[in-house]
Amino acid sequence: MAITKAFFSLTPASCHPSLHPRTPTVHLQFTSSGVASRNLSLCATTDSKPSVLIAEKLGESGLENLRDATSDLKPTVLIAEKLSESGLQLLRDTTSVDCSYGLSPDQLAAKISSCDALIVRSGTKVSREVFEAAKGRLRVVGRAGVGIDNVDLQAATEYGCLVVNAPTANTIAAAEHGIALLTAMARNVAQADASTKAGKWERSKYVGVSLVGKTLAVMGFGKVGSEVARRAKGLGMHVIAHDPYAPAERAHALGVELVSFDDAITTADFISLHMPLTATTKNMFNDETFARMKQGVRIINVARGGVIDEDALVRALDNGQVAQAALDVFSEEPPPKDSKLVQHERVTVTPHLGASTMEAQEGVAIEIAEAVVGALNGELAATAVNAPMVPAEVLSELAPYVTLAEKLGRLAVQLVAGGSGIKGVKVVYTSSQDPDDLDTRLLRAMVTKGIVEPISDSFVNLVNADFIAKQRGLHFAEERIKRELNGSNGSPVSSIQVQIPHVGSLFASAVSDAGFIQVEGKVRDGVPHLTRIGSFAVDVSLEGNLILCRQVDQPGMIGKVGSILASQNVNVSFMSVGRTYRGKKAIMAIGVDEEPSKETLEKIGKIQAIEEFVFVKL
Numbered sequence: 033m034a035i036t037k038a039f040f041s042l043t044p045a046s047c048h049p050s051l052h053p054r055t056p057t058v059h060l061q062f063t064s065s066g067v068a069s070r071n072l073s074l075c076a077t078t079d080s081k082p083s084v085l086i087a088e089k090l091g092e093s094g095l096e097n098l099r100d101a102t103s104d105l106k107p108t109v110l111i112a113e114k115l116s117e118s119g120l121q122l123l124r125d126t127t128s129v130d131c132s133y134g135l136s137p138d139q140l141a142a143k144i145s146s147c148d149a150l151i152v153r154s155g156t157k158v159s160r161e162v163f164e165a166a167k168g169r170l171r172v173v174g175r176a177g178v179g180i181d182n183v184d185l186q187a188a189t190e191y192g193c194l195v196v197n198a199p200t201a202n203t204i205a206a207a208e209h210g211i212a213l214l215t216a217m218a219r220n221v222a223q224a225d226a227s228t229k230a231g232k233w234e235r236s237k238y239v240g241v242s243l244v245g246k247t248l249a250v251m252g253f254g255k256v257g258s259e260v261a262r263r264a265k266g267l268g269m270h271v272i273a274h275d276p277y278a279p280a281e282r283a284h285a286l287g288v289e290l291v292s293f294d295d296a297i298t299t300a301d302f303i304s305l306h307m308p309l310t311a312t313t314k315n316m317f318n319d320e321t322f323a324r325m326k327q328g329v330r331i332i333n334v335a336r337g338g339v340i341d342e343d344a345l346v347r348a349l350d351n352g353q354v355a356q357a358a359l360d361v362f363s364e365e366p367p368p369k370d371s372k373l374v375q376h377e378r379v380t381v382t383p384h385l386g387a388s389t390m391e392a393q394e395g396v397a398i399e400i401a402e403a404v405v406g407a408l409n410g411e412l413a414a415t416a417v418n419a420p421m422v423p424a425e426v427l428s429e430l431a432p433y434v435t436l437a438e439k440l441g442r443l444a445v446q447l448v449a450g451g452s453g454i455k456g457v458k459v460v461y462t463s464s465q466d467p468d469d470l471d472t473r474l475l476r477a478m479v480t481k482g483i484v485e486p487i488s489d490s491f492v493n494l495v496n497a498d499f500i501a502k503q504r505g506l507h508f509a510e511e512r513i514k515r516e517l518n519g520s521n522g523s524p525v526s527s528i529q530v531q532i533p534h535v536g537s538l539f540a541s542a543v544s545d546a547g548f549i550q551v552e553g554k555v556r557d558g559v560p561h562l563t564r565i566g567s568f569a570v571d572v573s574l575e576g577n578l579i580l581c582r583q584v585d586q587p588g589m590i591g592k593v594g595s596i597l598a599s600q601n602v603n604v605s606f607m608s609v610g611r612t613y614r615g616k617k618a619i620m621a622i623g624v625d626e627e628p629s630k631e632t633l634e635k636i637g638k639i640q641a642i643e644e645f646v647f648v649k650l
């Protein structure tokens, strides 16, 4: 027996698909003399060994061939720009690494359809065409560094591809380089060095300026900006900062005053740029802003070249409005050889060296490799750029509630009667925390996933959940209720309730007194449980398949239903009964390992005391 054909494709994942919507599948065709070919499917997630469903009996030699063919199945990671060996080794432990540097856009598009992840630095453009060419296989783009302006985030989100970056490893290196440029510019180090090496001795020409007592405006008070401010304070400078999103407490802790944009640029002697390149910040520093600055201002940029209008900066240097500039980044990299800005006598330049220390390169490589491997394994990424951002310390706390949110959405949508268009969903969170302190973006995304995926051909994950909901006209409302509950153990969420209004229901008992489908759940011992359906209190583990029955509350009902299921070899994993009053109506929830046949369900429905029932897949 031999393997004559093998090809790779993607099928919907049955494991927790919060980050990656699809699981790799290998289809293998076996042939042997006198035996018809056999097709097998192998499903593998990157966090476990491949598992194979064998539909026909194979001999030992066939099994051995199968083991050989699948032993090295790993997701493929394309490295488009150089990465430190420590990061590559971490990737090689769990993935197949393809290092292809210097690819043209066409070469990248041709190659990407065979890759599960892509890692780039700032030199590779990951455009919409790249995501289109990936044909749904690309699950993660890793940016080895902070800025992500070379990645089309909108396209990544639409295609359900997670984008992660490495925002912390090069923070210190970038800040140190900013200070190096600041001091080198102030003392004309680069120009004096070139002059001296040319055999000149021009001490009077290169008289500099002192930093002590001068005002430095830090434009963008994030990780790098705050580290620059910390070091500038040590040099005796007066530091102010502008950042509309920076917390005042952090600035005050460093002795930095947060000011308006106008106050920053009109009062500063030195201006250090640390903002991202966005539609808002592109060419933010132009003729008009330079004209409003203090005469003789000095500018440092280790952020993004596009935030400065480079032609306007040349004009400001020529007319003396700007005394000097020190630049590590440019609108076009590398800049043209005849660039007036690069060649300007009062400009100090470096070739994008902000993160170029040995320590930073190692740190960035490890950080991005860990983020990509984690995302491929379905883990929630703290450095995700286009998914709900949740602090790393909260991710482990939210993990069981993520599953609960998805399961409740999946249950609720299966209770909607056919033909009922879902236009709105309301999610109610009960928590011991103040409503403003509860970040529900991650949970909302998973409710969206649970509702949309069973009724569409879309593969939904954290990345594209909100986009797909909006695309389908699905409006979400949220309510956060603070309630002190005993035994909450400091959990971020006590319960989650999903409501779908203005629809018919396949299971009338799921409709609340207010007229909408309502399901509610909690997490117990790390396992999601259904605790209420409609007006009925239940206690059901949200796992596997579920049969819900409304019945007259009378003895023997559990036995009757259980006997029918047993006669059809359907194993019952649990049963739970919730009722309003004794002898009145009751809801029986039955967990089953297998999907009952239509005939089996009809037999259950014919039991006299059962008034309605529904089967749902979770």
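For the sequence shown, the numbering used here gives the first residue as 33, with consecutive numbering after it. Even for Gly, the Cβ is constructed at its ideal location relative to N, Cα and C.
Opposing strand residues paired with residue i [DSSP bridges]
| i | result |
| --- | --- |
| residue 367 | Looking at the DSSP assignment, residue 367 forms no beta bridge with any residue, so it has no partner. |
| residue 273 | 250, 290 |
| residue 461 | 512, 528 |
| residue 552 | 529, 564 |
| residue 497 | Answer is none; residue 497 lacks a bridge partner. |
| residue 303 | 249, 331 |
| residue 610 | 619 |
| residue 642 | 583 |
With 16 other Cβ atoms within 10 Å as the buried cut-off, status of residue i
| i | result |
| --- | --- |
| residue 638 | exposed |
| residue 171 | buried |
| residue 396 | buried |
| residue 153 | buried |
| residue 591 | exposed |
| residue 196 | buried |
| residue 305 | buried |
| residue 276 | exposed |
| residue 481 | buried |
| residue 116 | buried |
| residue 191 | buried |
| residue 406 | buried |
| residue 502 | exposed |
| residue 646 | buried |
| residue 390 | exposed |
| residue 258 | buried |
| residue 323 | exposed |
| residue 526 | buried |
| residue 399 | buried |
| residue 630 | exposed |
| residue 102 | The predicted position of residue 102 is uncertain, since its pLDDT is 49 and thus under 50; a value taken from the coordinates is nonetheless stated next. Answer is buried; the Cβ neighbour count reaches 16. |
| residue 547 | exposed |
| residue 477 | buried |
| residue 312 | exposed |
| residue 184 | buried |
| residue 485 | buried |
| residue 466 | exposed |
| residue 507 | exposed |
| residue 366 | exposed |
| residue 552 | buried |
| residue 330 | buried |
| residue 320 | exposed |
Inter-residue CB distance, residue i and residue j (contact presumed, cutoff 8 Å)
| i | j | result |
| --- | --- | --- |
| residue 203 | residue 256 | 6 Å |
| residue 301 | residue 265 | In fact, because the Cβ distance is near 15 Å, the residues do not count as touching under 8 Å. |
| residue 177 | residue 149 | Residue 177 to residue 149, Cβ: 16 Å. No contact. |
| residue 145 | residue 167 | 5 Å |
| residue 648 | residue 443 | 6 Å |
| residue 251 | residue 303 | 6 Å |
| residue 449 | residue 537 | 6 Å |
| residue 363 | residue 386 | Their Cβ separation, rounded to whole angstroms, is 16 Å, which puts residue 363 and residue 386 out of contact at 8 Å. |
| residue 529 | residue 572 | No, residue 529 and residue 572 are not in contact; Cβ-Cβ is about 15 Å, not under 8 Å. |
| residue 570 | residue 610 | 4 Å |
For the structure I just gave you, are there three or more beta carbon pairs, one from the segment 209-218 and one from the segment 135-151, closer than 8 Å?
Contact annotation: the segment 209-218 does not touch the segment 135-151, with fewer than three C-beta pairs closer than 8 Å.
What runs of the alpha helix (DSSP H), each 4 residues or longer, lie entirely inside the segment 105-146?
Correct list: 117-124, 137-143.
Answer yes if the segment 537-546 comes into contact with the segment 490-505, meaning at least three C-beta pairs across the two stretches below 8 Å, and no otherwise.
Contact between the segment 490-505 and the segment 537-546 is absent, with fewer than three C-beta pairs closer than 8 Å.
Does the contact criterion of 3 or more C-beta pairs under 8 Å hold for the segment 373-381 versus the segment 345-363?
Touching, yes.
Indicate whether the contact test is met: 3 or more Cβ pairs, each with one atom in the segment 409-419 and one in the segment 441-459, closer than 8 Å.
Here the segment 409-419 makes no contact with the segment 441-459; the two share fewer than three CB pairs at distances below 8 Å.
In chain order, which continuous runs of the alpha helix (DSSP H) of length 4 or greater are located wholly inside the segment 326-375?
For the segment 326-375, whole alpha helix (DSSP H) runs of length 4 or above, ordered along the chain, are 342-350, 372-375.
At which residue ranges does the segment 385-446 contain complete alpha helix (DSSP H) runs of 4 or more residues, listed in the order of the chain?
Those alpha helix (DSSP H) runs which fall completely within the segment 385-446 and span 4+ residues are 390-408, 424-446.
Could you tell me which uninterrupted beta strand (DSSP E) segments, each at least 3 residues in length, are contained entirely in the segment 201-254, listed from first to last along the chain?
Along the length of the segment 201-254, whole beta strand (DSSP E) runs at least 3 residues long occupy 247-251, reported in chain order.
Report the residue ranges of all beta strand (DSSP E) runs contained in full by the segment 156-192; include only those spanning at least 3 residues, in chain order.
Taking 3 residues as the shortest admissible run, the segment 156-192 contains the following complete beta strand (DSSP E) segments, listed from N- to C-terminal end: 172-175.
Quick test of the definition: if touching needs 3 or more C-beta pairs under 8 Å, does the segment 432-446 touch the segment 557-572?
Under the three-pair Cβ rule at 8 Å, the segment 432-446 counts as touching the segment 557-572.
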